[in-house]
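> Take this structure first; my questions come after.
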Amino acid sequence: MEQDLMNEFVQQGHDPTKMYQRKPVKFELSMISACLDSPTGRTYITACEMFDEAKSRLCQYTKVEVETDSDCDFLQSAFHGYAKAYMVDQIWYENFKPPSNAFDLIDQYMQHRPDDILSEYCKNIFFCRSHQSGNGSEFSKFKGLQIAIRTYEIFAMKVEKADTTSDIRRQILATLFNCLGSFYTITQQRIRAIDSFEKAYNINNEDLDSLFGVAWWHCSEDPEKAIKLFNQYLDAAPECDKKYYDAFYCLSYIYLSVHKDITKGKEYYCKGLDAEKKQLPCFPPYDTAYKLFAKLKMVYLGIHV
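The opening residue of the sequence shown carries number 696 in my numbering; numbering runs sequentially from there.
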């Protein structure tokens, strides 16, 4: 039962495409516009504006064919816009899904400009997201994950060898490795997940989601390393970060289960409860696996919070 519970909440907690959310949230700009003093909120606003501009540009293209350099120049701004917005944060993708002809247009575009790595990344995004849905069966979700994993693995190898500007290459790789880390986590591939999260964080040490991912995987196997990494995450992350509260619950569980330190275990659990109040409306807190495990441990020990 504990393993089934862990699997369910792992799927929710490490799910960039939101396929496994128990109560999917429909993202609206009004949910974030009131939180402009929040670093996380400002990031979401930026991503939203970029997606909006990219889709608007793509919808303005009225031709069926991609024939000239002028056509390519026009479409390039849209494809680059989608890719760059996705690298800022992908939560808005479903709100700004490309029109149905986008797949054909980007295929034609890539025939003219096969070395445009950023547009090729956009093509991979379109392809993978077309196979991912929160409304499908468990089998269809798993098949979607398999497709995304294989697609991103192949593309990551290509980007690593690409002769392109280092900034674009690094940004794409960091995002790819973060996504792969999440997908490997959902499919319970521990070694691959840690490796991918570490690669993402080494490329971009502001990628706190990947830092959290590495720490999370070390909770059971190397709790001392997990403590160090969670504290590193908490020192760097804003309180509104979507995983901030869960870092406290992970620490609570480690101190209760490994260190047998009731005082610290209870302290971190209470910090997690306080941190939940600082979450943005678009990412309401939920009872994570380690929150439930820490709570069960305290009940077993007769601790009341």
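Note that beta-carbon positions come from the ideal geometry of N, C-alpha and C, so glycine has one too.
Quick check on the DSSP output: the alpha helix (DSSP H) that includes Phe837 runs from which residue to which?
For the purposes of this step, residue 837 is taken as residue 142 along the sequence shown, with counting starting at 1. Phe837 -> alpha helix (DSSP H) spans Glu833 to Glu855.
> Mind checking whether Gln827 and Ala851 have CB atoms under 9 Å apart?
The residue you call residue 827 lines up with position 132 of the sequence shown. The residue you call residue 851 lines up with position 156 of the sequence shown. Going by C-beta atoms, Gln827 is not nearer than 9 Å to Ala851.
> Quick one: residues in its chain with C-beta nearer than 7 Å to the C-beta of Val761, no 5 flanking neighbours on either side, listed in chain order?
As a first step, residue 761 is located in the sequence shown; it is residue number 66 there, counting from the start. So the list reads Cys767, Leu770, Leu800, Gln803, Tyr804 and His807, once near-sequence residues are dropped.
> In or out: Cys965 buried (at least 16 other Cβ within 10 Å) or exposed?
Locating residue 965 in the sequence shown gives position 270, where the first residue counts as 1. Label assigned to Cys965: exposed.
> Under the assumption that Tyr944 contacts Gly967 (Cβ atoms under 8 Å), give the Cβ distance between them as a whole number of angstroms.
Position 249 of the sequence shown holds residue 944. Position 272 of the sequence shown holds residue 967. Their Cβ separation, rounded to whole angstroms, is 4 Å, which keeps Tyr944 and Gly967 in contact under 8 Å.
> Return helix, strand or coil for Arg717, following the three-state DSSP convention.
As a first step, residue 717 must be located in the sequence shown, where it is residue number 22. At Arg717 the pLDDT is 43, less than 50, meaning the model places this residue with poor confidence; the figure from the coordinates comes in the next sentence. Three-state DSSP puts Arg717 in coil, outside helix and strand.
> Hey, how far is the Cα of Pro979 from the Cα of Leu753?
On the sequence shown, position 284 is the one that residue 979 refers to. On the sequence shown, position 58 is the one that residue 753 refers to. The straight-line gap from Cα to Cα measures roughly 32 Å.
> For the 8 Å Cβ check, are there 3 or more pairs between the region 893 to 901 and the region 934 to 944?
With a cut-off of 8 Å, the region 934 to 944 and the region 893 to 901 do not count as touching, because too few Cβ pairs lie within range.
> On a Cα-Cα basis, can you pick out the residue from Ile949, Glu848 and His954 that is closest to Phe988?
Within the sequence shown, the letter at position 293 stands for residue 988. Comparing Cα-Cα distances from Phe988 to each of Ile949, Glu848 and His954, the minimum goes to Ile949.
> The alpha helix (DSSP H) with Ile812 in it runs from where to where?
For the purposes of this step, residue 812 is identified with residue 117 of the sequence shown, where counting begins at 1. First-last of the alpha helix (DSSP H) with Ile812: Ile812 to Ser825.
> Once you ignore the five residues that flank Phe821 on each side, which residues in its own chain have a CB closer than 7 Å to its CB?
Within the sequence shown, numbered from 1, the residue matching residue 821 stands at position 126. Hits under 7 Å: Pro793, Ala797, Phe798 and Ile801.
> Quick one: what does DSSP say Glu744 is sitting in, helix, strand or coil?
Along the sequence shown, read from residue 1 onward, the residue named residue 744 stands at position 49. Reduced to three states, the DSSP call for Glu744 is helix.
> Mapping the DSSP letters down to three states, classify Arg808 as helix, strand or coil.
Here residue 808 corresponds to residue number 113 of the sequence shown, with the count starting at 1. Here Arg808 sits in coil by DSSP.
> By alpha-carbon positions, which one of Arg885, Lys972 and Glu833 ends up nearest to Thr915?
Position 220 of the sequence shown, counted from the first residue, corresponds to residue 915. Checking the sequence, you will find Ser at residue 915 rather than Thr. Of the listed residues, the one whose Cα sits closest to Ser915 is Arg885.
> Is the separation between the beta-carbon of Thr819 and that of Thr846 shorter than 9 Å?
Here residue 819 refers to the residue found at position 124 when the sequence shown is read from its first residue. Here residue 846 refers to the residue found at position 151 when the sequence shown is read from its first residue. Per the sequence presented here, residue 819 reads as Asn, with Thr not at that position. For Asn819 and Thr846, yes; Cβs fall inside 9 Å.
> Alpha carbon to alpha carbon, how far is Tyr963 from Gly997? Give it in angstroms, no decimals.
What you label residue 997 is simply residue 302 of the sequence shown in a count that begins at 1. What you label residue 963 is simply residue 268 of the sequence shown in a count that begins at 1. Spanning the two alpha carbons is a distance of roughly 17 Å.
> Let me confirm a value: Asp982 is counted as buried when at least 16 other C-beta atoms fall within 10 Å, else exposed. Which label applies?
The residue given as residue 982 occupies position 287 in the sequence shown. It counts as exposed.
> If we count the other Cβ atoms within 10 Å of its Cβ and call it buried at 16 or more, is Gln716 buried or exposed?
In the sequence shown, residue 716 corresponds to position 21, counting from 1. Confidence at Gln716 is low in this model, with a pLDDT of 43, below 50, so its placement is unreliable and no value can be given for it.
> I need the boundaries of the alpha helix (DSSP H) containing Thr958, first residue and last residue.
By 1-based counting over the sequence shown, the position of residue 958 is 263. Segment Ile957 to Glu971, the alpha helix (DSSP H) holding Thr958.
> How long is the line joining the alpha carbons of Glu971 and Ile863, rounded to whole angstroms?
Residue 971 sits at position 276 when you count from the first residue of the sequence shown. Residue 863 sits at position 168 when you count from the first residue of the sequence shown. About 35 Å.
> Rounded to the nearest angstrom, what separates Ala895 and Thr870 at their Cα positions?
Counting from 1 along the sequence shown, the entry for residue 895 is found at position 200. Counting from 1 along the sequence shown, the entry for residue 870 is found at position 175. Cα-Cα distance, rounded: 7 Å.
> Going by DSSP in three states, Tyr777 sits in which element: helix, strand or coil?
Taking the sequence shown and counting its residues from 1, the one referred to as residue 777 is at position 82. Correct three-state label for Tyr777: helix.
> Measure how close the beta-carbons of Tyr788 and Arg824 come, nearest whole angstrom, since I'm counting them as under 8 Å.
In the sequence shown, residue 788 corresponds to position 93, counting from 1. In the sequence shown, residue 824 corresponds to position 129, counting from 1. 6 Å between Cβ atoms; contact.
> For Gly776 and His999, what's the separation of their Cα atoms in angstroms?
Position 81 of the sequence shown, counted from the start, is the residue given in the question as residue 776. Position 304 of the sequence shown, counted from the start, is the residue given in the question as residue 999. Taking the straight line from one Cα to the other gives about 50 Å.
> Is it right to say Thr735 is buried, meaning 16 or more other beta carbons lie within 10 angstroms of its own, or is it exposed?
Here the question's residue 735 lines up with position 40 in the sequence shown. When all chains shown are included, Thr735 counts as buried.
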